[in-house]
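Numbering (full-length UniProt numbering), first residue to last: 1 to 264. Reading through the structure tokens given below for one structure.
Structure representation (structure tokens):
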């Protein structure tokens with residue numbers, strides 16, 4: 001009888017240990033998952049990271065990434081001038097350094113300049129490295145046009161703690177883009193596809209992403225006038241990111257953000 005009870009006690013102890021172990025693992029997994037997900041939800045809810053905005057006004061923000069390019073940026077600027085509209089350029093510091101006259105032209109013509117890092121690193125970077133990239137680009141822009149950058153777009157839209165937290169610590173607002181309107185022009189999908197993706201899916205407060213560098217942007221240049229005309233026919237007015245945020249409220253879009261941008 002004693003031996004039987006001892007066996008039952010040992011078995012009960014083993015089962016208890018296993019149960020406690022499973023609970024600890026589950027708690028650890030949940031804690032880790034929540035810890036990873038909590039910042040993105042907070043950032044989106046607080047409007048620190050912006051992917052979508054809501055406004056009753058028919059406003060859209062055209063944004064251009066990866067420049068300036070001495071070949072394509074002047075063409076973009078000419079088209080914008082012809083249509084008398086303003087846009088926001090998220091520039092790469094190294095390229096701004098090489099083409100300061102284009103930065104001056106962008107600013108002089110009333111467009112907004114955002115920070116897109118100094119080297120456009122697509123692979124994961126440490127927070128300290130990202131902070132230096134932001135500072136270096138901001139210093140370059142300030143020396144050229146005497147204006148500091150206040151908006152940041154992470155290369156490729158990839159968001160991790162090491163790319164977002166340093167930017168927020170420096171007072172930047174992180175600007176992404178609304179997904180449906182993204183024509184992925186970097187993949188050269190064809191002019192018609194670029195135009196239709198934007199014009200057919202536009203909404204009040206859309207943040208539209210295009211590129212004026214990073215490859216052959218001939219399709220983007222050809223599509224841009226058609227995009228502008230198509231959106232104007234729908235009654236949309238073009239504004240900078242600053243103007244858009246002033247007249248709208250941010251929308252969390254949490255699940256969409258996680259799937260596409262949360263890479264950590």
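Cβ coordinates follow ideal geometry from the N, Cα and C atoms, glycine included.
For residue 125, the three-state DSSP class (helix, strand or coil): In the three-state reduction of the DSSP assignment, residue 125 falls in the coil class, being assigned neither a helical nor a strand state.
Ranges of the beta strand (DSSP E) found wholly within the stretch 148-201, counting only runs of at least 3: Complete beta strand (DSSP E) runs here, min 3: 173-175.
Beta-carbon proximity of residue 247 to residue 55, cut-off 8 Å: It is a contact, given that the beta carbons lie within the stated cut-off.
Cut-off 7 Å between Cβ atoms - residues of its own chain near residue 100, not counting five sequence neighbours on either side: For residue 100, where only same-chain residues beyond five positions count, the Cβ hits under 7 Å are 144.
Secondary structure of residue 241, DSSP reduced to three states: Annotated three-state conformation of residue 241 is helix, per DSSP.
Between the CA atoms of residue 66 and residue 212 - distance to the nearest angstrom: Spanning the two alpha carbons is a distance of roughly 6 Å.
Same chain, Cβ closer than 7 Å to residue 222, neighbours up to 5 away in sequence not counted: So the qualifying residues of the chain are 191.
Residue 161 to residue 40 span [Cα, whole Å]: Cα atoms of residue 161 and residue 40: separation of roughly 9 Å, rounded to the nearest angstrom.
Within 8 Å, strictly: CB atoms of residue 187 and residue 147: No. Outside cutoff.
Proximity winner among 251, 242, 250, 249, relative to residue 113 (alpha-carbon distances): If we check each option's Cα against that of residue 113, 242 comes out closest.
Any 3 or more C-beta pairs closer than 8 Å across the stretch 71-87 and the stretch 118-133: Because the criterion of three Cβ pairs below 8 Å is not met, the stretch 71-87 and the stretch 118-133 do not touch.
For residue 53, the residue or residues it bridges with in DSSP: Bridge partners of residue 53: 250.
Classification of residue 45 by the beta-carbon crowding that lies within 10 angstroms, buried from 16 upward: Label assigned to residue 45: exposed.
Integer-rounded CB distance, given that residue 166 should sit under 8 Å from residue 116: Actually they do not touch by this definition, with Cβ atoms about 14 Å apart.
Continuous beta strand (DSSP E) stretch holding residue 85: start and end: Residue 85 -> no beta strand (DSSP E), and no H or E assigned at all.
Nearest-angstrom beta carbon gap, residue 141 and residue 96 [assumed within contact, 8 Å]: With 8 Å as the limit, residue 96 and residue 141 qualify as a contact, their Cβ atoms being about 6 Å apart.
Coarse secondary structure for residue 211, derived from DSSP in three states: Per DSSP, reduced to three states, the secondary structure at residue 211 is strand.
Residue range of the unbroken beta strand (DSSP E) whose run includes residue 63: Here the beta strand (DSSP E) through residue 63 covers 59-65.
Counted within 10 angstroms of its Cβ, other Cβ atoms place residue 109 as buried (16 or more) or exposed: With fewer than 16 other Cβ atoms within 10 Å, it is exposed.
Buried versus exposed, by CB contacts within 10 Å (16 or more), residue 153: With 16 or more other CB atoms across the displayed protein chains lying within 10 angstroms of its CB, residue 153 is buried.
Cβ-based burial, residue 63 [other Cβ within 10 Å; buried from 16]: Label assigned to residue 63: buried.
Endpoints, alpha helix (DSSP H) assigned at residue 98: Residue 98 -> alpha helix (DSSP H) spans 93-98.
Residue span of the beta strand (DSSP E) that contains residue 112, given as start and end: Start and end: 112-115.
Residues near residue 122 in its chain [Cβ-Cβ closer than 8 Å; skip 5 each side]: Excluding five sequence positions before and after residue 122, the CB atoms of its chain that fall closer than 8 Å to its own CB belong to 155, 156, 158, given in chain order.
Alpha carbon of residue 217 to alpha carbon of residue 209, nearest angstrom: Each residue's CA atom was taken as its position, placing residue 217 and residue 209 some 13 Å apart.
Buried versus exposed, by CB contacts within 10 Å (16 or more), residue 249: Under the 10 Å beta carbon count, residue 249 is surrounded by fewer than 16 other beta carbons and is classified as exposed.
Assumed close pair residue 93, residue 132 - CB separation to whole angstroms, cut-off 8 Å: Contact doesn't hold; Cβ gap of about 10 Å is too wide.
Backbone CA spacing between residue 68 and residue 75 [nearest angstrom]: If I take the Cα positions, the gap works out to 11 Å.
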